[in-house]
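> Dumping the structure here so I can ask a few things about it.
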Amino acid sequence: MGERHMRIAVTGGISGIGLETVKKFIADGHELVVFDISKPALDVDYIPLNLASQSMIAEAIAASSGQFDALCHIAGIPPRDDNAVACLQINAIGAFAFINAFIPKLADGAPVISVASRAGMGFENNTAQLDTLIACEMDDIAAWCETNDIDATTAYRLSKQAMIYWSQQQVAAHIGKHRFVTVSPAAVDTGILDDFITAFGPVVAANLARVGRPGSPEEIANVIAFLASEESRWINGIDIVIDGGMGALNLTL
């Protein structure tokens, strides 16, 4: 980023987009603290975090001392088999709990950048259901899924819609002090790409054929790094879709 040294917190830094983001920040000379369920194979400070556990969220917050110049929330799981409850607990409820608790550790002006997904597009048309989801506690999610007949693919989509919607709701409460931005990649060439192809079926294959390839985790990491920098300080309250042109091509094909 070619600017001042920063201390940055990253969740989900052991693989995929998170790992490449951590590598990017290290290369740019920044200090990293990585929160994840297991320790990354990098020379960074590490704090264990399981977003499905309220107690582990509290322990991770308590273990994170000092002030931070940015929070990049990248941790999450893909839709797989029957993991609807886990998807919503980790990608939504646990994520909101962690971010909320972490905000007091952020310096003035520090941004919160969260990774959502292109699957979260259209959240504006589903805010009534998302409001009921966001109001849930961790232990409410199993019953909520049963009541709303939620399968794993739907749960993933809702979790990412909720992340975009919740992040934009935070802007009013934190205006002038913190920025909230979400990044929504389409299919990215990571170890969980096959999970998305299985979950979303022919739509993913068709979109990939149109644009020629999936995105790379490095390409997403570059956008996250820019959003964490002071160069992006007027970017706030939006969702940035990174899809190689999939959305535009869908308008014309």
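Read in order, the letters of the sequence shown are residues 63 to 315 in the working numbering.
Where a beta carbon is used, it is the ideal one built from N, C-alpha and C, also for glycine.
(1) Which of the three DSSP states is assigned to GLU199 in this structure?
(2) Is SER126 closer than 9 Å to ALA71 when the C-beta atoms are compared?
(3) Between SER115, ARG272, THR189, which lies nearest to GLY307 when the distance is taken from Cα to Cα?
(4) Starting from the C-beta of SER179, find all residues in its chain whose C-beta is less than 6 Å away, skip the five residues before and the five after it, and write them out in chain order.
(5) With distances taken from CA atoms, which of ALA169, ASP144, GLN129, CYS198 is nearest PHE158?
(6) For the structure I just gave you, are there three or more beta carbon pairs, one from the stretch 81–96 and one from the stretch 139–148, closer than 8 Å?
(7) In whole angstroms, what separates the C-alpha of ASN153 from that of ARG66?
(8) CB-CB under 6 Å to SER229, same chain, minus the five flanking residues each way: which ones, in chain order?
(9) Using only alpha-carbon positions, find the residue among ASN188, GLU281, GLY128, VAL147 that is nearest to LEU168.
(10) Relative to the alpha-carbon of ALA287, which residue among MET200, GLU82, PRO102 has its alpha-carbon at the smallest distance?
(11) How is THR73 classed by DSSP in three states: helix, strand or coil?
(12) Whose CA, out of ALA267, LEU195, ILE254, lies closest to the CA of MET225?
(13) Out of GLN191, GLU280, LYS239, LEU150, which one is the CA nearest neighbour of TYR218?
According to the structure data:
(1) Against the sequence shown, residue 199 aligns to sequence position 137. DSSP places GLU199 in coil when its eight states are reduced to three.
(2) Looking up residue 71 in the sequence shown gives position 9. Looking up residue 126 in the sequence shown gives position 64. Yes, Cβ-Cβ distance for ALA71 and SER126 is below 9 Å.
(3) In the sequence shown, residue 307 corresponds to position 245, counting from 1. Closest option to GLY307, Cα to Cα, is ARG272.
(4) Here the question's residue 179 lines up with position 117 in the sequence shown. LYS222, SER246, listed in sequence order.
(5) As a position in the sequence shown, residue 158 is number 96, starting the count at 1. For the residues ALA169, ASP144, GLN129, CYS198, the minimum Cα distance to PHE158 belongs to CYS198.
(6) no
(7) Locating residue 153 in the sequence shown gives position 91, counting from the first residue. Locating residue 66 in the sequence shown gives position 4, counting from the first residue. Approximately 31 Å between the Cα atoms of the pair.
(8) As a position in the sequence shown, residue 229 is number 167, starting the count at 1. If we look at SER229 and ignore the five residues flanking it on each side, its Cβ neighbours are SER176, PHE242, THR244.
(9) Against the sequence shown, residue 168 aligns to sequence position 106. Closest by alpha carbon: GLY128.
(10) Position 225 of the sequence shown holds residue 287. Of the listed residues, the one whose Cα sits closest to ALA287 is GLU82.
(11) Within the sequence shown, the letter at position 11 stands for residue 73. The answer is strand: DSSP assigns THR73 an E or B state.
(12) Position 163 of the sequence shown holds residue 225. Residue LEU195 is the option with its Cα nearest to MET225.
(13) Within the sequence shown, residue 218 is the residue found at index 156, counting from 1. For the residues GLN191, GLU280, LYS239, LEU150, the minimum Cα distance to TYR218 belongs to LEU150.
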